[in-house]
Ligand SMILES: Nc1ncnc2c1ncn2[C@@H]1O[C@H](COP(=O)(O)OP(=O)(O)OP(=O)(O)O)[C@@H](O)[C@H]1O
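Numbering (the UniProt record's numbering), first residue to last: 1 to 259.
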């Protein structure tokens, strides 16, 4: 395993990662190293392999060949207890929030601790007091402590994503994966949710890998952009060296070759 200049082991390391679906090469030999504390945006046109790559990072998808190491665990072959152990250390935020709408906001957040607090839980009071206090702390951080007892399904999209972020934080993750976390939100809400996501990751020293569709959000909120096209990395640079024109190039169609 490679070490960074600071001597710390990478959080994510893939080498020669290949994943095909029929004759589609979703990942066509990806080498990616992510170091502790990085905030990485994955960009690229629809179908370029962003989500497939992300899904390899918590063992939801297994590569056809190549290797994937996440937090020192071989995510390509881990199963059972080892895979569950890895997933506990990886928080995930989805485009569609994935909350249980009929449960309260607090219950949704508490479910983030299911991996580390044993036993079935029926209702809020069956959770240890310390975990409830921690859930409230995270709700406070995302600005929704006053909504704790409201049904999650009754919140706006932006609020639901804030709850999902609080749930992921209660997991005490070491790596945060976000799959198009703001794609379902209006531009203003999208900006405020990205602001929150990046802020909490920075505050907690978390590494984040986040797929995005909006170039402007990637330029504003990430520190490094990895650009994919046809399952290959076509660009990998610190965000401050990039601009919208270069990033738009990722989305332009390949030149047609005339026989
Ligand atoms: N489970 C699957 N079965 C079949 N094909 C799949 C599957 N998952 C992904 N693919 C295909 O792999 C390619 C890459 O898909 P992927 O979802 O990773 O792209 P993406 O860059 O995340 O796209 P989008 O931005 O639209 O979400 C696409 O052609 C997609 O149709």
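Just so it is clear, CB atoms sit at the ideal spot from N, CA and C, and this is done for glycine as well.
Within this structure, are the beta carbons of residue i and residue j separated by less than 7 Å?
i           : j           : result
residue 171 : residue 59  : no
residue 197 : residue 166 : no
residue 228 : residue 50  : yes
residue 30  : residue 207 : no
residue 241 : residue 43  : no
residue 209 : residue 150 : no
residue 226 : residue 215 : no
residue 70  : residue 76  : no
residue 136 : residue 145 : yes
Quick check: the Cα distance between residue i and residue j, rounded to an integer number of angstroms?
i           : j           : result
residue 83  : residue 56  : 12 Å
residue 110 : residue 220 : 31 Å
residue 40  : residue 27  : 18 Å
residue 2   : residue 63  : Per-residue confidence for residue 2 stands at a pLDDT of 46, beneath the threshold of 50, marking its modelled position as unreliable; no derived number is given.
residue 164 : residue 108 : 8 Å
residue 158 : residue 189 : 6 Å
residue 184 : residue 73  : 32 Å
residue 93  : residue 248 : 25 Å
residue 78  : residue 86  : 9 Å
residue 174 : residue 251 : 32 Å
residue 124 : residue 15  : 44 Å
residue 4   : residue 38  : Caution applies to residue 4, whose pLDDT of 49 falls short of 50 and renders its modelled position unreliable; the value that the coordinates give is listed next. Approximately 12 Å between the Cα atoms of the pair.
residue 132 : residue 95  : 26 Å
residue 53  : residue 134 : 32 Å
residue 152 : residue 117 : 22 Å
I'd like to confirm the pairing. Which residues does DSSP put opposite residue i in its beta bridges?
i           : result
residue 91  : 176
residue 104 : 151
residue 236 : 226
residue 210 : 41 and 178
Taking 7 Å as the CB-CB limit, is residue i close to chain D?
i           : result
residue 196 : Going by chain labels, chain D is absent from the structure shown, which holds only one protein chain.
So which residues touch the region around ligand 1, with touch meaning a C-beta under 5 Å from any heavy atom?
-> 21, 24, 26, 46, 47, 48, 49, 50, 51 and 52
Give, in chain order, every unbroken run of the alpha helix (DSSP H) that is at least 4 residues long and sits entirely within the stretch 13-80.
-> 50-56
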